[in-house]
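Participant:
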Amino acid sequence: MGSVFIPPRPPSRPSFVNPRGALGALALASLLALTACSAFSRAVKEGDAASDQQKWADAEAAYLRALAADPEASEVTVKLREVRKAWSQVVLEEARSVRVSGDLDGTMKRLVRALELDADNAVARELLGTTLDERVAVGLAALKEDKLQEARVELDAVLAVAPDHAGAKKGVDAVQVAWAKRWFTTGDGLEKAGKLGNALVAYVRADQERVGATAARERAEVVRAKLRDEVAFLVVATPVEDHAGAPDVAQRLGAGRLASVLPTQLPLRVVTEAPEGREGVKLDLSLERVLPLKAMEEAQRSHRYLAGKMSVPNPRRAGFETKLLQAERHQEEVDRKQAAALREYLRFQAELTTLREGAERCRDRERRECLDALRECGEAAMDAKSPGQLPSDCSPARCASGLCAKEEQLLTQKVFAVKEKEKQLEAALERAETQRVDVRRHRDTVFREPVTVEEPMYSDFVYDVQMHRLTVTASVTAVMRDLLKSQVPAPRTEDFAATHEDLAHKGYDRYGVLADPVQLRNELELRVEVGDKAVADLARRVKERFDEYRGKRVEDARRGMVRPGAEDVVETAVRALLLTADAPPPDILQPLARARGLNRPETLLGL
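Each residue of the sequence shown is one higher than the last, beginning at 0 in numbering that gives the first Met the number 0.
1) So who's on the other strand from glutamate 454, going by DSSP bridges?
2) Which of the three DSSP states is assigned to methionine 381 in this structure?
3) Just how far apart, CA to CA, sit glutamine 518 and aspartate 501?
4) Give the range of the alpha helix (DSSP H) segment to which valine 270 is assigned.
5) Could you name the residues of the same chain whose beta carbon sits closer than 6 Å to that of leucine 25, not counting the 5 residues immediately before and after it, in chain order?
6) Is it right to say methionine 107 is buried, meaning 16 or more other beta carbons lie within 10 angstroms of its own, or is it exposed?
7) Figure out for me which residue from Trp55, Tyr62, Thr237, Ala56 has the closest Cα to the Cα of arginine 41.
8) Give me the Cβ distance between leucine 351 and valine 417, rounded to the nearest whole Å; I'm assuming they're in contact under 8 Å.
9) Please report how far the alpha carbon of leucine 292 lies from the alpha carbon of glutamine 264, in whole angstroms.
10) For the putative contact between serine 285 and glutamate 240, defined by C-beta atoms under 8 Å, what is the C-beta separation to the nearest angstrom?
11) Short check: CB of alanine 473 to CB of alanine 533, under 8 Å?
12) Valine 157 and alanine 141 - do their beta-carbons sit closer together than 8 Å?
13) What three-state label does DSSP hand arginine 303 in the structure shown?
14) For alanine 473, which of helix, strand or coil comes out of DSSP?
15) Less than 6 Å between C-beta atoms, sequence neighbours within five positions excluded: which residues of the same chain meet that for leucine 261?
16) Under 8 Å by Cβ, that's how I've got arginine 316 and proline 449 pegged, so tell me the actual separation to the nearest angstrom.
17) How many angstroms separate the CA atom of alanine 294 from the CA atom of serine 259?
18) Quick one: Cα of arginine 595 to Cα of glutamine 175, how far?
19) If we call anything under 8 Å between Cβ atoms a contact, is glutamate 287 one with alanine 215?
20) On a Cα-Cα basis, can you pick out the residue from Pro563, Val43, Gln52 that is closest to alanine 60?
21) What number of angstroms, rounded off, separates the C-alpha of glutamate 493 from the C-alpha of aspartate 536?
22) Less than 8 Å separating the beta-carbons of alanine 254 and valine 269?
23) Nearest CA to the CA of alanine 640: which residue from Val235, Ala177, Leu189?
24) Can you tell which of Lys225, Arg227, Leu252, Phe232 has the C-alpha that lies nearest to the C-alpha of proline 238?
25) Keeping to the same chain, check which residues put their C-beta closer than 7 Å to that of glutamate 327; ignore five residues upstream and five downstream.
26) Alpha helix (DSSP H) containing leucine 79: first to last residue?
27) For aspartate 586, collect the residues of the same chain with a Cβ closer than 8 Å to its Cβ; drop the 5 residues on either side in sequence, then sort them by chain order.
28) If you follow the alpha helix (DSSP H) that alanine 150 is part of, which residue opens it and which one closes it?
29) With distances taken from CA atoms, which of Gly605, Phe545, Gly550 is nearest proline 584?
30) Rounded to the nearest angstrom, how far is the Cβ of lysine 510 from that of histidine 302, given a contact under 8 Å?
31) Should the region 476-487 be called in touch with the region 456-466, which here means at least 3 C-beta pairs below 8 Å?
32) Assess contact between the region 404-413 and the region 352-362, defined as three or more Cβ pairs (one per stretch) separated by less than 8 Å. Is contact present?
33) Using DSSP bridges, identify the partner residues of arginine 288.
34) Could you say if the region 425-439 and the region 304-320 meet the contact criterion of at least three C-beta pairs nearer than 8 Å?
35) Do alanine 85 and valine 75 have their C-beta atoms closer together than 8 Å?
36) Kindly identify the DSSP beta-bridge partner or partners of tyrosine 462.
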């Protein structure tokens, strides 16, 4: 008999270990390791091939990919360093060949690249220093020839590579001084030609290039003052006619006080006389009357005080009782629905029992009929004359009549219906239990809340008071006419009032009410205040006229912003900016600054 090979039984595993999951994780880890190894090897081979062909960029990229797959590969790091050194020598040779042709910019860029590849390349570093010195010499030569733009380009290129290069820094300082002197000379010529706006821009640009190199800042202040005087809106304030015999109030309406109220950063000038042909208004003021008026009114006031405490029904308990009553009513409704669901479930259970009994009787009847058919079939087979013939009484249809199919179907439907009713009954029981818990919670809340609480009881103490009021009213008539128009407008009279009132009452020694004597302000203080109100209103009206005047100048300047560098446009724009020193419009200030190269355009306004 041959031997039978029985495979060994696999070792048993703990019930908590999933062998399929462990194998899957091991396979995934192996796959990742193989993938990483294959990517690393492929990148190293590509780098070696590119290095042999002296394709330095491709070799560097391949070695970097290999290091990304395995950062600890020291042999790849060495290869990458060697490739960069070789590439640095190639770039150095290119820089030498470009330097022979006189292209210092191309030479410098290649030398910088060579040092980026190999920071230890001493030859490239020495040659770069020599190239930078040569570019500085080229910049200084351009500076001597007054080619300031070319000189600045050369020196800035050197500083971009070597920010601490002393020669380049000194050259940049010299270029800035030269630019400042050039702009100062330009501004001086424009000022002598009467183009004060352009002169101001030139002086500001000179001071921007190099602070202190020229007297541009001082000259800018002088030119700015001339322009402000030129575009100033004059307010001619004539002496105030005092018809009320109140010199203290009339003094508040004088020219000096009006000038102090107007904004000082705007070219608004308050003068007593004005030259012909200037923009502005003339103010004719007269003080018609100053009327002080004292009044006193009797009244009563009340002071509330705490008289005691009293017990009142607790409003919180009433609210909790209402919620408890609602919860109990809701519980009654839930219990009623639970009882209905229980009755329905019991009824369906009784019907199910009846159907199950009928189905059992039907099955017994079918079983008996089948047994009778089998007995008759056996007797017929025994009486058969020839064996192998099946008598007609042995028909299988007699045991599969299907007489109970309808009862079985009704029984199945009723079982499903009973299950649905059972689910409904369980839900009703859950709702009833939840509602009973809610009722118990409301009942506990009601019992914990006290029936009554104490509230403070207040009372009112009535006492007599006197309201004292002092009012000073001043009537001022003003005529404001345009200096460029001969038409005199109608006079305008307005009343200005300053009021102060205080409450006084007798002294009481009850419930914290003490004496309060009257403390009215001095009449002289109110007269000063009413004068200040009048001059503030005049300043507001003057400012409205000034806004109309400068609005026209600003619109003229905006129309010229399609060519912001033109001299006539600059003249108009600078004057409009001086008129809007409190809020210069950006659509004028920024285009002008870009056209003339101003870093801080607000310097035009002296800010």
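Don't be surprised by glycine CBs; every beta carbon is placed ideally from N, CA and C.
Facilitator: Taking the coordinates as given:
1) Position 455 of the sequence shown, counted from the start, is the residue given in the question as residue 454. Answer is Met309.
2) Taking the first residue of the sequence shown as position 1, residue 381 is located at position 382. DSSP places methionine 381 within a helical segment (H, G or I) once states are collapsed to three.
3) Locating residue 518 in the sequence shown gives position 519, counting from the first residue. Locating residue 501 in the sequence shown gives position 502, counting from the first residue. Rounded to whole angstroms, glutamine 518 and aspartate 501 show a C-alpha spacing of 6 Å.
4) By 1-based counting over the sequence shown, the position of residue 270 is 271. It is not in any alpha helix (DSSP H) - valine 270 instead sits in the beta strand (DSSP E) that spans 267-270.
5) As a working note, residue 25 is residue 26 in the sequence shown. With a pLDDT of only 39 at leucine 25, under 50, the local geometry of the prediction cannot be trusted, and no value is derived from it.
6) Residue 107 sits at position 108 when you count from the first residue of the sequence shown. Under this definition methionine 107 is a buried residue.
7) Taking the first residue of the sequence shown as 1, we reach residue 41 at position 42. Closest by alpha carbon: Tyr62.
8) Taking the first residue of the sequence shown as 1, we reach residue 351 at position 352. Taking the first residue of the sequence shown as 1, we reach residue 417 at position 418. With 8 Å as the limit, leucine 351 and valine 417 qualify as a contact, their Cβ atoms being about 5 Å apart.
9) The residue given as residue 292 occupies position 293 in the sequence shown. The residue given as residue 264 occupies position 265 in the sequence shown. Spanning the two alpha carbons is a distance of roughly 39 Å.
10) As a position in the sequence shown, residue 285 is number 286, starting the count at 1. As a position in the sequence shown, residue 240 is number 241, starting the count at 1. By a beta-carbon distance limit of 8 Å, serine 285 contacts glutamate 240. Their separation comes to about 4 Å.
11) Walking along the sequence shown from the start, residue 473 turns up at place 474. Walking along the sequence shown from the start, residue 533 turns up at place 534. It is a contact, given that the beta carbons lie within the stated cut-off.
12) Translated into positions along the sequence shown, residue 141 becomes position 142. Translated into positions along the sequence shown, residue 157 becomes position 158. No; because the gap between Cβ atoms is not below 8 Å, this pair is not in contact.
13) In the sequence shown, residue 303 corresponds to position 304, counting from 1. Three-state result, arginine 303: strand.
14) To locate residue 473, count along the sequence shown from 1; it is residue 474. Assigned with DSSP and collapsed to three states, alanine 473 falls in strand.
15) Within the sequence shown, residue 261 is the residue found at index 262, counting from 1. Cβ neighbours of leucine 261 beyond the five flanking positions: Leu267, Ala538.
16) For the purposes of this step, residue 316 is identified with residue 317 of the sequence shown, where counting begins at 1. For the purposes of this step, residue 449 is identified with residue 450 of the sequence shown, where counting begins at 1. Contact holds; Cβ gap of about 7 Å.
17) Numbered from 1 along the sequence shown, position 295 holds the residue referred to as residue 294. Numbered from 1 along the sequence shown, position 260 holds the residue referred to as residue 259. Rounded to whole angstroms, alanine 294 to serine 259 spans 34 Å at the Cα level.
18) Residue 595 sits at position 596 when you count from the first residue of the sequence shown. Residue 175 sits at position 176 when you count from the first residue of the sequence shown. Take the alpha-carbon of arginine 595 and the one of glutamine 175: they are about 16 Å apart.
19) The sequence position of residue 287 within the sequence shown is 288, counting from 1. The sequence position of residue 215 within the sequence shown is 216, counting from 1. Not in contact: glutamate 287 and alanine 215 (Cβ atoms no closer than 8 Å).
20) As a working mapping, residue 60 is identified with position 61 in the sequence shown. With distances taken between Cα atoms, alanine 60 lies closest to Val43.
21) Position 494 of the sequence shown, counted from the start, is the residue given in the question as residue 493. Position 537 of the sequence shown, counted from the start, is the residue given in the question as residue 536. So the alpha carbons of these two residues sit roughly 10 Å apart.
22) The sequence position of residue 254 within the sequence shown is 255, counting from 1. The sequence position of residue 269 within the sequence shown is 270, counting from 1. Cβ atoms of alanine 254 and valine 269: closer than 8 Å.
23) No answer is possible for residue 640: it lies beyond the span of the chain, which begins at 0 and ends at 606.
24) Reading the sequence shown from its first residue, position 239 is the one you call residue 238. Taking the Cα of proline 238 as reference, the smallest distance to any Cα among Lys225, Arg227, Leu252, Phe232 is reached at Leu252.
25) Looking up residue 327 in the sequence shown gives position 328. Hits under 7 Å: Val438.
26) The residue labelled residue 79 in the question sits at position 80 within the sequence shown. Unbroken alpha helix (DSSP H) run through leucine 79: 73-99.
27) Within the sequence shown, residue 586 is the residue found at index 587, counting from 1. Taken in chain order, the residues that qualify are Arg557, Met560.
28) In the sequence shown, residue 150 corresponds to position 151, counting from 1. Here the alpha helix (DSSP H) through alanine 150 covers 147-160.
29) Position 585 of the sequence shown, counted from the first residue, corresponds to residue 584. It is Gly550 whose Cα lies nearest to the Cα of proline 584.
30) If you number the sequence shown from 1, residue 510 lands on position 511. If you number the sequence shown from 1, residue 302 lands on position 303. At residue 510 the sequence reads tyrosine, which differs from the lysine that was named. With 8 Å as the limit, tyrosine 510 and histidine 302 qualify as a contact, their Cβ atoms being about 6 Å apart.
31) The region 476-487, when compared against the region 456-466, does not touch it at the 8 Å Cβ threshold.
32) Between the region 404-413 and the region 352-362 there are three or more inter-stretch CB-CB distances shorter than 8 Å, so the stretches are counted as touching.
33) One-based indexing of the sequence shown puts residue 288 at position 289. Arginine 288 is bridged to Ser474.
34) no
35) Taking the sequence shown and counting its residues from 1, the one referred to as residue 85 is at position 86. Taking the sequence shown and counting its residues from 1, the one referred to as residue 75 is at position 76. The answer is no: Cβ separation not under 8 Å.
36) For the purposes of this step, residue 462 is taken as the residue at position 463 of the sequence shown. Tyrosine 462 pairs with Arg300.
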